[in-house]
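Chemist: What the sequence shown shows, in our numbering, is residues 1 to 1130, in sequence order. Heads up, the beta-carbon is just placed ideally off N, CA and C, and yes, glycines get one too.
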Amino acid sequence: MSQPKEVEMNTMHRVGSANRFQVNPVNHDQGDGGDRGGGGGANGHADITTEDDTFPEELVKRRTSRLQSLRTSFRDKERKNSQTTRFKMENGDASDSNEDEEDNLIDDNKYARSFRHFTREALPRADNYRNILSFQANNRPTLDELHHASITNKETMRRGTVANVELGETEGVLKFGWIKGVLMRCLLNIWGVMLFLRLSWVVGQAGVIQGVVLISVTTVVTTITALSMSAISTNGVIKGGGTYYMISRSLGPEFGGSIGLIFSLANAVACAMYVVGFCESMTDMLKSFGLEIIDGGVQDIRIIGLITIVILLGIVVIGMEWEAKAQVVLLFILLIAIADFVIGTLIGPKSELDVARGFVGYNGTLLLENLQPDYRPVKGTPHDFFSVFAIFFPAATGILAGANISGDLKDPSKAIPKGTILAIVITSVSYIGMAIMAGATVVRDATGNITDMANGSWAFTECAPEECAFGLQNSFQVMEMVSGFGPIIYAGCFAATLSSALASLVSAPKVFQALCKDKLYPKIGWFGKGFGKNNEPVRGYILTFIISVAVILIGELNLIAPLISNFFLAAYCLVNFSTFHASLAKPVGWRPTFKYYNMWLSLIGAILCIAVMFLISWPTALITFAVVLTLYLFVSYRKPDVNWGSTTQAQTYKNALMSVQQLNNVEDHVKNYRPQILVMSGHPSSRPLLVHFSYLLTKNLSLMVCGHVNKAQTSQKFRNYLQRKATDWFRRHKVKGFYTYVDDNEFETGARAAMQASGIGKLRPNLLLLGYKNDWRKCDSVELEQYFNVVHKALDMYLSVAILRVAKGLDYSQVLGEDTAAKQIAETPRTLLHNDSSNDLAGQNKINSLHGSCDSLSRNISQGPEHNNVHEKNEKNLKASSTSDLTAGTPRMQTVSGMPDPMDINAKLLNETNNRSLKRTHNDPALLYRGPGGAELPKEVLDELTQFTSKKKHGVIDVYWLYDDGGLTLLLPYIISTRRNWSSCKLRVFALANRKAEMEFEQRNMASLLAKFRIDYSDLTLLPDVNKKPSQMMSGFFKELIRDFTGEDGIISDAELLAVQDKTNRHLNLREYLLEHSKKSDLVVMTLPMPRKGVVSAPLYMAWLETLSQGLPPFLFVRGNQTSVLTFYS
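(1) Checking 9 Å against the spacing of the C-beta atoms, do P509 and L543 come in under that value?
(2) Would you call the stretch 929-942 in contact with the stretch 973-990, where contact means no fewer than 3 C-beta pairs closer than 8 Å?
(3) How far does the alpha helix (DSSP H) with N710 in it reach, from first residue to last?
(4) Where do the N-terminal and C-terminal ends of the beta strand (DSSP E) with Y960 fall, by residue?
(5) DSSP puts L722 in a beta bridge; with which residues?
(6) Relative to the C-alpha of D1054, which residue among S1081, P1030, V1096, S387 is closest?
(7) Taking buried to mean at least 16 other C-beta atoms within 10 Å of its own C-beta, is F567 buried or exposed?
(8) What number of angstroms, rounded off, separates the C-alpha of V182 from the C-alpha of G241?
(9) Is it buried or exposed for W600, if we count other Cβ within 10 angstroms and need 16 for buried?
(10) Is the distance from the Cβ of M273 to the Cβ of I564 below 9 Å?
(11) Note the first and the last residue of the continuous alpha helix (DSSP H) segment covering G771.
(12) For D965 versus G1120, is the C-beta spacing smaller than 9 Å?
(13) So, helix, strand or coil for L251, using DSSP?
(14) Could you name the residues that DSSP lists as bridge partners for T1087?
(15) What does a CB cutoff of less than 8 Å around A561 pick up in its chain, not counting 5 residues either side in sequence?
(16) Select from L353, N535, H692 the residue whose C-alpha is nearest the C-alpha of T946.
(17) On the DSSP bridge list, what partners appear for D1019?
(18) How big is the Cα-Cα spacing for E467 and G204?
(19) In angstroms, rounded to a whole number, what distance separates the CA positions of G809 and L690?
(20) What are the partner residues of I760, as DSSP defines its beta bridges?
(21) Roughly how many angstroms separate the alpha carbons of L1023 and L1083, rounded to a whole number?
(22) Does DSSP put L1112 in a helix, in a strand, or in coil?
(23) How close, in whole Å, do the beta carbons of D445 and G471 come, if the pair is a contact with beta carbons under 8 Å?
(24) Where S1130 and Q723 are concerned, what is the direct C-alpha to C-alpha distance, given to the nearest angstrom?
(25) Give a yes or no on whether the C-beta atoms belonging to I301 and S548 are separated by under 9 Å.
(26) Can you tell me the Cβ-Cβ gap for A401 and R185, rounded? I've got them flagged as a contact below 8 Å.
(27) Within the same chain, show all residues whose beta-carbon is closer than 8 Å to that of G207, passing over the 5 residues directly before and after it, in chain order.
(28) Nearest CA to the CA of L962: which residue from Q1110, T978, A993, I976?
(29) What would DSSP say about E944, mapped onto helix, strand or coil?
(30) Taking the straight line between their C-alpha atoms, what separation do you get for G256 and Y245?
(31) Taking 9 Å as the threshold (C-beta atoms), are I623 and N765 in contact?
(32) Starting from A802 and walking both ways along the beta strand (DSSP E), at which residues does that stretch end?
(33) Leaving out five residues before and five after T749 in sequence, what residues of the same chain have Cβ atoms less than 6 Å from its Cβ?
(34) Expressed to the nearest angstrom, what Euclidean distance is found between the alpha-carbon atoms of Q473 and I554?
(35) State the start and end residues of the unbroken beta strand (DSSP E) segment that holds V1026.
(36) So, with DSSP's three-state summary, where would you put N664?
Set out below in structure tokens:
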């Protein structure tokens, strides 16, 4: 039988210091015996081929075919980009033949695999840092993969290998540079109708000096805003959504959602306003020729407006490319109109009629006269600097036109700062220049009568202000009169209005689309769908069109205009505040590459924006604040499941850290004592009764930490799962607490670690709450001893100790199916997916259908074959929206083993009860607690689970304050009695009598003490004769408890029983009192007997506790640390 044919893939010299990454090409033109028998090496020596260097021919063919498909997919992109990447080949000739290309690809892949072949480490790549749901995202190896040699990932393939699916789809997408995408749009929006129709009037009212100051103040506000926006836009990748995206990612969804909605609405209404401005100019031009459609007024405006908005809608729906071309044409017309005005001032008046109407050309005397202000009332409305400023400022609201299409920019981080700031500079210079030109060439008042110019007289300027129809103060057609060719000014006015309308018609849907994709508001996601390669929001275009048409038909724009300006100013204010807040919070992620900003300057900018809002119209400013506040509260109430790493989160951490540090400087005082509890509950979902009881004591008052000790060593993945599950449990049950997990430890050592390490500074537990060990008579002696030692350790650490006992135990893990889920997770093999390390913290979906062999390509290369069918199948699950960051919603949770999480079932049931109020839903135990698989629990079990959270109509709390432990035994039940569900409970106090003969005196003393402590109680009882010999029935009861622990081999010796006989008798007598007084109480609180070290053994101590609490209502043992927690001093 012949040997299988083998083909040489990579031969290396085994002598010398050869590079282990060296790749030698294979010459396929030679026959099989080519160089095998002769000297084929570089030095004439035969190459030594080892077993590792040869592969079966079938394997080579299979990999060659795969590389052929890769080569064909790569070749098109390489040709388009004119960038061909090749590794340098030793002794290789550059050839264009197919065989040589195939060989090069094989060797390239061998080289690419070589690093992965020798190590699991990944090289730094941009794809490793992309958003989790991005198709180009690559995940570096997990820590478990690197740290544990036994963990493999052979079954999985990194998502980065399907990156080219996304890249293939984005080919042909139109992206704009900084000139066409930002500069032109900002210029067109800032050079609006104000430039042609109102600038001359502003100069007439404010004069040249104050007019320049007015324009400069406007420039200062917009420049500061642009600097702030530049800082935000260079602090990472900016996606679609523009202003909304920047504010929401900086300040969080509450601010972003509120400003995003009103900003979209403002752009939609502004589109209608600009269209109406165009219609007014058009009707004025028609009137000058004696033409009209219907009435030359409102009806004509509506007809022209509807036709115009339909044409504009058609332009944007066709695509951004046509819209961009239209903007270029409009900008060209606008520049010609501005140049026409400048040329007209240089030419001077073209006729005597122009002079009679106030255009006299450049005149020094006129300029000096026009330098000073001349504020006059218009139609009964007085004007001053601030009112004129309010009228002019809307001209500057176009600085966000470029940022609003951030998703259509090639590089928003560079385009937005460069284009916006340059546009502000150009437009400010042009506004100031044209204002000076108008003030130097046109008089304020002119009659328009040529006869008043006889013999060079300036009598045409001598008229009462109300009687003059021409001049800076009286005519809005000054620019047209001064220009060299008047109709061009009309064209410029048309271009200004149409370009602004077009930009608003594009901006509103783009911002609204980003808002819809983030799902901050209900029922609007339908409008977020994009169409075409440019992801055009066609539905948003139609919605904007409908709003604009409605506004055009209404026609009352004078009332709406101030509100729209305030909406824009609110966005400016939040942009400035975002930069200030980020600089103040100083998160590590705040690293903008744009350095020309200042946090205090941004704060001043935000204050100026608010001031301008009130200057424009204080009623509309108040309306704006009310709308923003309402939307803010609405988004906050909905609590959207997003995590964008906002500066609000950073500030929350900073405030918490500063508060904890300040708390360290506060001396402890008895009046400020708070029970800060470490409750050893395990996972909160396993012992909900213990957690809810602990929360009765800490709600809105102090710290609660749930401690969980696991004997087994668990993976980080499992720890993350437990942490996330505990957080969800706290949220659903409205419990404010923390969860700490200790693994790889026995209960005693784990509890010690929790007691010593939980908390920080003064925010650390001062009370340990344990569940009563019901199985103390049956459990292993070592386990019992550990439980007992935990109590000792807590007392050694000067922690107070409390032990809670309920009739049927505290562990409901089997009833709720929690133990099954935990067991399935713990038994899962530790073979990790690539996405299982840090991604688990956010709870991302794992799409196993995209995984394959990890050896197909190097983990350091984000190239892979095209899988169109896979892409189509998983597009909805994986494709990140243009506004999504690290967390894109919460997917359906599963346990690590793949089994459904019982908590997820409960959460689903909660979501299905939308018809119920939120308060009722959270208080419905049938929804909060479910059995395995979502099964309904019996009413008896639900009553047991809610015995501490349900309303007590006429309850009783019995307090057995036996020994003075500092007052904690009395304080804890008092705190419980102040809770809403327990507020109707009566507090009965029982104390030990020192002498039976002095009971009345001692009772008065105890009553006086309780009154000084301001503890409201209903009854006070002193218990005498607790040291007497107990009844025979009680003695027999106690002997039965300790029977298994006595005798020759027993843990409890006769000497020990004799040494503590008095204490035992006391506890037996107390049991008789408990059965007599507290059998029907709702809660019994008693001072915990002190476990004396070396005196009392664990079984005997547990027998005491059993004696006191068996067969009684919920029982709480409490022992303070002998430090006062009550005081009667003020």
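Modeler: The structure says:
(1) yes
(2) Touching, no, given that fewer than three Cβ pairs across the two stretches are closer than 8 Å.
(3) Taken as a continuous stretch (DSSP letters only), N710 belongs to no alpha helix (DSSP H), being part of the beta strand (DSSP E) at 704-710.
(4) 956-960
(5) Paired residue(s): none; L722 is not in a bridge.
(6) V1096
(7) Using a 10 angstroms sphere on the CB of F567, the tally of other CB atoms reaches 16 or more, which defines it as buried.
(8) Whole-angstrom Cα-Cα distance: 14 Å.
(9) exposed
(10) yes
(11) Careful: G771 lies outside any alpha helix (DSSP H), inside the beta strand (DSSP E) at 767-771.
(12) yes
(13) helix
(14) V1118
(15) M273, P394
(16) H692
(17) For D1019, which the question treats as bridged, DSSP gives the partners R988.
(18) Distance between the alpha carbons of E467 and G204: 16 Å.
(19) The alpha-carbon atoms of G809 and L690 are separated by roughly 10 Å.
(20) L763
(21) C-alpha of L1023 to C-alpha of L1083: approximately 19 Å in a straight line.
(22) coil
(23) 4 Å
(24) 42 Å
(25) no
(26) That pair is a contact at about 4 Å.
(27) N370, L371, Q372, P373, D374, G439
(28) Checked all of Q1110, T978, A993, I976; the closest Cα to L962 is A993.
(29) helix
(30) 7 Å
(31) The residue you asked about is not Asn; residue 765 is Pro in the sequence shown. Contact flag unset, no.
(32) 800-805
(33) none
(34) 30 Å
(35) Note, V1026: premise wrong, no beta strand (DSSP E); not H, not E.
(36) Shown here, N664 sits in a helix according to DSSP, grouped into three states.
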